[in-house]
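So the sequence lines, in the order shown, correspond to chains C and A.
With my numbering applied, the first sequence has no gaps in its numbers, which climb one by one up to 195 at the end.
With my numbering applied, the second sequence has no gaps in its numbers, which climb one by one up to 1367 at the end.
Just so you know, even glycine gets a beta-carbon here, dropped at the ideal spot from N, CA and C.
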Amino acid sequence: MERKRSIKIVVAGEGGQGVQAVAEILAEAAYEDGAQALYIPAFGVEQRGGVSLAFLQISDQPVAAPKFEKGDIVVALSERAVRRTRQYVGPETVFIYDGLAEIKEEELPRTARRILNIPAVAVARAELHPRVFNIVIMGAVIGATRVVPVDQAKKALEKRLGYKFEQDPKLRELNHRALERGVELVDGILKGGGN
Amino acid sequence: MSGAVMAEKRVFMTGNEVVAWAAVAARADVMYGYPITPQNEVMHYWTRLAPKHGKIFLQTEDELSAGFATIGGVLAGKKCFTATAGPGNVLMQEPVSMAEMMRLPVVVVVMQRGGPSTATVIYSQQEVTLTTFGGNGEGFRVVYSTAGLQELYDHTIKAFNTAWRYRFPVFVLADGYQAKMREPLTVYDPVERGIEPVAPEPYVGRPGKPGADRPPGHYRNTYNTEEELYAVVLEQAAEYERVAPEIVEHEESGAEGAAVLVVAHGVVARAAKQAVELLRAEGLKAGYFRPVTLRPLPAEALRTAAGRAGRLLVVESAYGQFARLVRDALYGLTVDVVPLYKPGLGITAEEIASRCRELAASSARTE
Chain C
1 MERKRSIKIV
11 VAGEGGQGVQ
21 AVAEILAEAA
31 YEDGAQALYI
41 PAFGVEQRGG
51 VSLAFLQISD
61 QPVAAPKFEK
71 GDIVVALSER
81 AVRRTRQYVG
91 PETVFIYDGL
101 AEIKEEELPR
111 TARRILNIPA
121 VAVARAELHP
131 RVFNIVIMGA
141 VIGATRVVPV
151 DQAKKALEKR
161 LGYKFEQDPK
171 LRELNHRALE
181 RGVELVDGIL
191 KGGGN
Chain A
1001 MSGAVMAEKR
1011 VFMTGNEVVA
1021 WAAVAARADV
1031 MYGYPITPQN
1041 EVMHYWTRLA
1051 PKHGKIFLQT
1061 EDELSAGFAT
1071 IGGVLAGKKC
1081 FTATAGPGNV
1091 LMQEPVSMAE
1101 MMRLPVVVVV
1111 MQRGGPSTAT
1121 VIYSQQEVTL
1131 TTFGGNGEGF
1141 RVVYSTAGLQ
1151 ELYDHTIKAF
1161 NTAWRYRFPV
1171 FVLADGYQAK
1181 MREPLTVYDP
1191 VERGIEPVAP
1201 EPYVGRPGKP
1211 GADRPPGHYR
1221 NTYNTEEELY
1231 AVVLEQAAEY
1241 ERVAPEIVEH
1251 EESGAEGAAV
1261 LVVAHGVVAR
1271 AAKQAVELLR
1281 AEGLKAGYFR
1291 PVTLRPLPAE
1301 ALRTAAGRAG
1311 RLLVVESAYG
1321 QFARLVRDAL
1331 YGLTVDVVPL
1341 YKPGLGITAE
1351 EIASRCRELA
1361 ASSARTE
């Protein structure tokens, strides 16, 4: 367990895309994995609509401030989310977005160290179920960072969705598959030198 | 006062949840509350936990009522608390003034949001003046400013004991970040750790005939003459000043010979602490001072630390509310006090560190 880790993650999207769930499950997985983790949602007065942002820090050391200036990983799942997260993208940031999420090329933050186009929506639609799109994204974050082991993420999924999995074990498999596909998508890009 | 109310365990939860658990651990009996973001979930979690532990929740029609109901519960000898934020904290000042006048141990948890008025539901440190000196009195209350969820747990428990031991109203001052963020902490039963909960006792309805079997309970918030009130307030002032040294808490490191001493409280102090560690790793002489109690302020410790430092950088998510308390404590010292004010905005370790580097560079040039 001699891993050195300290990572700052921003996940942003439209309400209903499951952005908070991604951050919360990752935080839970990291906590169960023995790391320090601090997760905080950005929230406003709106009951619905608007960009949903989640801030997550995972570290071996206690986390200092709840928010931060630049993320190591910034995930934006809509065009508005790209604009909203621009301030968190620096020269060290890996920026993850979904090419199908109607994001214009020129909107992408060129300051990022690396920009990864993860076809999570397409993969979820074609191979899985549109609803597990956010779990594909979660897998992609894990793939890009290795911040938590996939097994630990599965346990955290179980903790959150276990009651649903009990009713329909196929859901468990679907979520696990989504997670693994997310990891593979990033691995494929990083190894293949795509994007 | 039965056995352990809570097995010691490591948990990963939000600050609002932490407050509810801590109140159970502190043997609180009743929460009175009115919803306001970002403290709503204190009530939500309390209503989940309360029935399991034979405790009570009452939602009142507003914060005035929540505060006065808390006073009523305390008069009946129950450990009572409420939680609020922002405009709710403004309304809360009237009942808290009464609690101050009558020396009632009410506990109020505040999750600061942006101000003035409705402003944001998110975060700030803009309720410092209100929480320390709000109300039409002298600010005879205790204010703990927590910097994370373990402290929020520890100090919520402590708040009940401080209140019942000293009979001053006690605030736990946190913020929207601490309310909504999740981080690891250990929950425990204070009794198992040797922290004995101070037993409450009723103010009214005690057995025996008043005046014959026992002194009458005469709790006043109204006085007829100036002299009468003057005597009472002076007596309270003397008592507050007497117990203040037992209550004050602070945290500091590296003040001795620090070129820059960063002074911060609450969640901002976490960033300040990390900034100072960063700077020291770079070889810059930076120090850190954090009052845990904003009322009473650890003024002596602060003066000593400031007297040994080159300069002070006061950092807060407000426009000088905390700095006013600091400057008041430093009166007479010549140390330079530099502000870093970000009203209603979070502050990172990086920006505190870069401000310190600028200050160090500028003092190097002038030397």
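State the beta-bridge partners of residue i as determined by DSSP.
| i | result |
| --- | --- |
| Ile73(C) | Ile9(C), Val94(C) |
| Cys1080(A) | Val1030(A) |
| Glu14(C) | Val51(C) |
| Asp168(C) | Answer is none; Asp168(C) lacks a bridge partner. |
| Ala1286(A) | Val1260(A) |
| Leu1340(A) | Val1315(A) |
| Ala42(C) | Leu53(C) |
| Met1111(A) | Ala1174(A) |
| Ile1122(A) | The partner list for Ile1122(A) (beta bridge, DSSP) is empty, contrary to what the question assumes. |
| Lys1009(A) | Val1187(A) |
| Phe1057(A) | Met1031(A) |
| Ile115(C) | Phe95(C) |
| Tyr1144(A) | Val1172(A), Thr1293(A) |
If contacts are defined as beta-carbon pairs under 8 Å, then residue i and residue j qualify, I think. What distance do you get, rounded to the angstrom?
| i | j | result |
| --- | --- | --- |
| Gly139(C) | Pro119(C) | That pair is no contact at about 12 Å. |
| Met1315(A) | Ala1264(A) | It is Val, not Met, that sits at residue 1315(A) in the sequence shown. So it is a contact: roughly 4 Å between Cβ atoms. |
| Met1111(A) | Ala1028(A) | So it is not a contact: roughly 17 Å between Cβ atoms. |
| Pro130(C) | Ala122(C) | Rounded, the Cβ-Cβ distance is 10 Å, inconsistent with contact. |
| Leu1284(A) | Cys1356(A) | 7 Å |
| Thr93(C) | Asp72(C) | 6 Å |
| Val19(C) | Leu77(C) | 7 Å |
| Met1102(A) | Gly1137(A) | That belief does not hold up - the Cβ atoms of Met1102(A) and Gly1137(A) are roughly 11 Å apart, past 8 Å. |
What do you reckon, are the CB atoms on residue i and residue j nearer than 8 Å?
| i | j | result |
| --- | --- | --- |
| Thr1063(A) | Leu1091(A) | The question names Thr, yet the displayed sequence has Glu at residue 1063(A). Result yes, Cβ atoms of Glu1063(A) and Leu1091(A) sit closer than 8 Å. |
| Ala1272(A) | Ile1352(A) | yes |
| Arg1308(A) | Glu1256(A) | yes |
| Lys164(C) | Phe68(C) | no |
| Val1260(A) | Gly1310(A) | yes |
| Ile1056(A) | Val1030(A) | yes |
| Lys1180(A) | Pro1298(A) | no |
| Lys64(C) | Ala1318(A) | First, the residue type needs correcting, since residue 64(C) is Ala and not Lys in the sequence shown. No, these two residues do not count as a Cβ contact at 8 Å. |
| Ile40(C) | Tyr1177(A) | yes |
| Asp1189(A) | Met1043(A) | no |
| Val51(C) | Arg5(C) | no |
| Ala1305(A) | Phe1289(A) | yes |
| Tyr1153(A) | Leu1185(A) | yes |
| Phe1140(A) | Tyr1203(A) | no |
| Ala1329(A) | Leu1312(A) | no |
| Val148(C) | Val74(C) | no |
| Gly1015(A) | Ala1147(A) | no |
| Ile1071(A) | Val1109(A) | no |
| Pro1197(A) | Phe1171(A) | no |
Using 10 angstroms around the beta-carbon of residue i, count the other beta-carbons present and answer buried if the total reaches 16, otherwise exposed.
| i | result |
| --- | --- |
| Thr1118(A) | exposed |
| Met1001(A) | Because the pLDDT of Met1001(A) is 42, which lies under 50, any placement of that residue in the model is unreliable, and the number read from its coordinates should be weighed accordingly. Flag for Met1001(A) reads exposed. |
| Leu1234(A) | exposed |
| Gly1033(A) | buried |
| Glu1201(A) | exposed |
| Gln61(C) | exposed |
| Val1248(A) | buried |
| His176(C) | buried |
| Glu2(C) | With a pLDDT of 45 at Glu2(C), under the threshold of 50, the modelled position of this residue cannot be trusted; read the value that follows with caution. Under this definition Glu2(C) is an exposed residue. |
| Thr1131(A) | buried |
| Ala29(C) | buried |
| Gln17(C) | buried |
At a cut-off of 7 Å, would you count residue i as near the ligand SAH, judging by its Cβ distance to the nearest heavy atom?
| i | result |
| --- | --- |
| Leu77(C) | No copy of the ligand SAH occurs in the structure displayed, which carries no ligand at all. |
Is it true that the region 1208-1220 of chain A meets the region 1047-1057 of chain A, where meeting means three or more beta-carbon pairs spaced less than 8 Å apart? no
Could you check whether the region 109-129 of chain C touches the region 140-149 of chain C, counting it as contact only if at least three pairs of C-beta atoms, one from each stretch, sit closer than 8 Å? Counting Cβ pairs under 8 Å, three or more are found: they touch.
Pairs of beta-carbons, one from the region 1069-1079 of chain A and one from the region 1178-1193 of chain A, closer than 8 Å: are there three or more? With a cut-off of 8 Å on Cβ pairs, the region 1069-1079 of chain A is not in contact with the region 1178-1193 of chain A, counting fewer than three such pairs.
Please confirm if the region 1113-1129 of chain A is in contact with the region 1009-1025 of chain A, defined as three or more CB-CB distances below 8 Å between the two stretches. When C-beta atoms of the region 1113-1129 of chain A are compared with those of the region 1009-1025 of chain A, fewer than three pairs fall below 8 Å, so the two segments do not count as touching.
Are there three or more Cβ pairs, one per stretch, closer than 8 Å when the region 169-186 of chain C is compared with the region 1011-1021 of chain A? no
Between the region 1078-1088 of chain A and the region 1216-1225 of chain A, do at least 3 Cβ pairs fall closer than 8 Å? no
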